[in-house]
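Visitor:
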Amino acid sequence: VASVEKRYQEKIEGIQLEIDRGKEEIQNICDTLEALAGQEKDYRELWQSGALPKSEWEAKKNEWSQQRQQKKIAEKELARLKKSVSTAKSEYEGELSTMRLECRKEIEEDQVNEGKSVRDYEDQFLRSPVTGTVKALLVHTEGGVVSAAQELLEIVPDGQDYIMELSVQNQDIGYNKIGQPVSIHFD
Numbered sequence: 315v316a317s318v319e320k321r322y323q324e325k326i327e328g329i330q331l332e333i334d335r336g337k338e339e340i341q342n343i344c345d346t347l348e349a350l351a352g353q354e355k356d357y358r359e360l361w362q363s364g365a366l367p368k369s370e371w372e373a374k375k376n377e378w379s380q381q382r383q384q385k386k387i388a389e390k391e392l393a394r395l396k397k398s399v400s401t402a403k404s405e406y407e408g409e410l411s412t413m414r415l416e417c418r419k420e421i422e423e424d425q426v427n428e429g430k431s432v433r434d435y436e437d438q439f440l441r442s443p444v445t446g447t448v449k450a451l452l453v454h455t456e457g458g459v460v461s462a463a464q465e466l467l468e469i470v471p472d473g474q475d476y477i478m479e480l481s482v483q484n485q486d487i488g489y490n491k492i493g494q495p496v497s498i499h500f501d
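Sequential numbering from 315 applies to the sequence shown in this note's numbering.
Structure below.
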């Protein structure tokens, strides 16, 4: 954005310098016209009194007419320059608008890509629907391919009551009661 702004600023400054020179030129032409108008009047009076040939008066009159034409040309050029400043400003605004749209599009694309990356990352992990302890791994190959219905591991859920069927030796049966806490050890 800064380089675009600098480029257009330099362009507008260059046009503004031309406008200033054009205004100065028009002022000089106006000063010359004013002097020529007085000279033309004097030459006409001298010609009418017979002190000057008609050709010299006509030459002065033509010079005055040419300066008027120069003034019109300079004024048209000045108007064109002023319009080109307006055009440059419009071009600058248009280019900025285009750049803003491109930036918004890039941001939107980055957000989409970021969301996809997060989903891809999260898809690398398996989540159990329950908390618990892994009892057995059924697949041991890292990076291996599994089918959609294939069991990968067995989980013993945490915080669950367990129902177990146990056999107790006859000699110990008298020491057990229903609902008694039990400590079980597996070998």
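The beta carbon of each residue, even a glycine, is placed where N, CA and C say it ideally should be.
Just to confirm my understanding: we take K491, look at its own chain, exclude 5 residues before and 5 after, and list those with CB closer than 6 Å. What are they?
Guide: none
Visitor: Determine, using beta carbons only, whether I343 and K396 come nearer to each other than 8 Å.
Guide: no
Visitor: If contacts are defined as beta-carbon pairs under 8 Å, then R382 and W371 qualify, I think. What distance do you get, rounded to the angstrom?
Guide: No, R382 and W371 are not in contact; Cβ-Cβ is about 17 Å, not under 8 Å.
Visitor: Round the Cβ separation of E436 and A450 to the nearest angstrom and send it over; I've been treating them as touching at under 8 Å.
Guide: Not a contact, Cβ separation roughly 26 Å.
Visitor: Quick one, which of T412, Q425, K374 and F500 has its alpha-carbon nearest L360's?
Guide: K374
Visitor: Could you check where the beta strand (DSSP E) with G493 kicks off and where it finishes?
Guide: Per DSSP, G493 belongs to no beta strand (DSSP E) and is neither H nor E.
Visitor: What separation, rounded to the nearest whole angstrom, lies between the Cα atoms of K403 and G352?
Guide: 43 Å
Visitor: Taking the straight line between their C-alpha atoms, what separation do you get for T412 and S431?
Guide: 28 Å
Visitor: Determine the DSSP secondary structure at I498, reduced to helix, strand or coil.
Guide: coil
Visitor: Counting C-beta neighbours from all protein chains within 10 Å, is the total for I329 16 or more, i.e. buried, or is it exposed?
Guide: It is buried - the Cβ of I329 has at least 16 other Cβ atoms within 10 Å.
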